[in-house]
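Counted from 1, the sequence shown has number 115 at position 115 by UniProt numbering; the numbering is strictly sequential. Just below is one structure, and these are the notes that go with it.
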Amino acid sequence: MQSNQLLDTVLEKDSQYFLINVEGLDWCELSKQYVQNKTPEECIIQWTTHEHPSINKSEWTAAETRKLRQIASRHNNRNWQRIATELNTNRTAADCFKQWNKQTSGPRKWTKEEDEILARAVDLYGEKNWQQIAGCLENRSGQQCLHRWTKTMNPAIRRGRWKSEEDEALKNAVNMYGVGNWVKIQKFVLGRTDVQCRERWMNVLSPSVKKDPWTEEEDKELKRLVGLIGVGKWSKISAEMNGRTDNQCWRRYKVLIKQDDEGESTTNTPSENESEKNLKGQHSS
């Protein structure tokens, strides 16, 4: 079901009803009947942040942007829900933050202090009130806080080696939802994130992953592709390696480089640590 179908469905009720009581909808039944590929929570978020008829979706004016900056400055660039309310132009808190954030460029790394504040805010407000949580941090949106907590900071996230029962749970979930629906799949593998589930499946459990020893022909092809595409472009390289994952290609190339280094004078080649650093530095490509 597309978003316009969701809009048509909920507008069967008087729109003023939703202006007063968003929680009055049976979101579980709505998602079950009309949006089977979305959870009730996802429907609520879509409605309240994108589809609600009261949301202002027009282009930002210069005057509105100036007023936004003034209000944000008074609040030390925090508490975007309050900023949106004071702006009083029917913008969502997320839209206000996005417009203000255009002044800055590029992603900003989370600091240790921010992580500590985030943890305390989650303890205070719980794991659903992300706009309130974002109000405790400077220049962070609710979406950024949600992402940081669920992907990195949540103490419930399991680290390290996967257990056999986790692998079985992951296989069952993939069979149920299909490859790619990692947000839904992760709910069946307690303590693992969607990213962890994807990496485990794509690099280890997928039937398409080739687990045989590397052949001489594969080694030659790997070297050729690295020379053609470049060191660190492992996703692109693996796509040409017929069953070898990006992780496998990266690790195998490390072995090949080490073998080459051992056959040459150490005075003419970088150290093993330097070689590995150069390779791993671009592993995320």
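Glycine included, each C-beta is placed from N, C-alpha and C at the ideal position.
With a CB to CB cut of under 8 Å and the five nearest residues on each side skipped, what residues in its chain are close to residue i?
i	result
Gln81	Ala93, Gln131, Gln132, Gly135
residue 310	Outside the displayed span of the chain (1 to 285) sits residue 310, for which this structure offers no information.
Cys43	Leu6, Trp27, Leu30, Ser31, Val35
Ala121	Gln132, Ile133, Cys136, Leu137, Cys145
Leu87	Glu64, Lys67, Leu68, Ile71, Cys96
Ser105	Per-residue confidence for Ser105 stands at a pLDDT of 49, beneath the threshold of 50, marking its modelled position as unreliable; the derived number appears in the next sentence. So the list is empty, once near-sequence residues are dropped.
Arg108	Asn139
Ser208	Gly243
Asp212	none
For chain D, check one thing: does any of its Cβ atoms lie closer than 8 Å to the Cβ of residue i?
i	result
Thr65	Absent from the structure: chain D. Only one protein chain is present.
When the distance is taken between beta carbons, is residue j closer than 8 Å to residue i?
i	j	result
Lys223	Ile229	no
Thr137	Ile117	Before going on, a small fix: residue 137 reads as Leu here, not Thr. In this structure, Ile117 lies closer than 8 Å to Leu137 by Cβ.
Lys210	Arg244	yes
Asp194	Val183	yes
Asn85	Asn56	Reading off the sequence shown, one finds Thr at residue 85, where the question assumed Asn. No, these two residues do not count as a Cβ contact at 8 Å.
Leu256	Glu240	no
Arg140	Arg192	no
Arg252	Trp214	yes
Val179	Trp201	yes
Gln99	Trp60	yes
Asn203	Asn242	no
Arg148	Trp110	yes
Once you ignore the five residues that flank residue i on each side, which residues in its own chain have a CB closer than 7 Å to its CB?
i	result
Cys28	Pro40
Ala119	Met153
Tyr125	Gln132, Ile133
Val189	Glu166, Ala169, Leu170, Ala173, Cys197
Ala156	Gly191
Tyr177	Lys184, Ile185
Lys151	Thr193, Val195
Asp115	Met153
Suppose the cutoff is 6 Å on Cβ atoms and the five residues either side in sequence are ignored; what does the same chain contact list for residue i look like?
i	result
His75	Ile83
Lys187	none
Ser238	Arg244, Thr245, Asp246, Cys249
Leu175	Looking at the sequence provided, one finds Asn at residue 175 rather than Leu. Closer than 6 Å at Cβ, skipping near neighbours: no residue.
Spell out a yes or no on whether the region 56 to 72 and the region 22 to 42 are touching, meaning 3 or more CB-CB pairs, one atom from each, closer than 8 Å. Flag = no, the region 56 to 72 and the region 22 to 42 do not touch.
Entirely enclosed beta strand (DSSP E) segments - the UniProt domain "Myb-like" (52 to 101), minimum 3 residues: Positions of the beta strand (DSSP E) runs, each at least 3 residues long and wholly inside the UniProt domain "Myb-like" (52 to 101), cannot be given because no such run exists.
At 4 residues or longer, and completely inside the region 172 to 240: list those alpha helix (DSSP H) runs for me, N to C. Unbroken alpha helix (DSSP H) runs of no fewer than 4 residues, entirely contained in the region 172 to 240, are found at 182 to 186, 194 to 200, 216 to 229, 234 to 238, following chain order.
Fully enclosed by the region 133 to 173, which alpha helix (DSSP H) runs are 4 residues long or longer? Counting whole runs of 4 or more residues, the region 133 to 173 contains the alpha helix (DSSP H) stretches 142 to 148.
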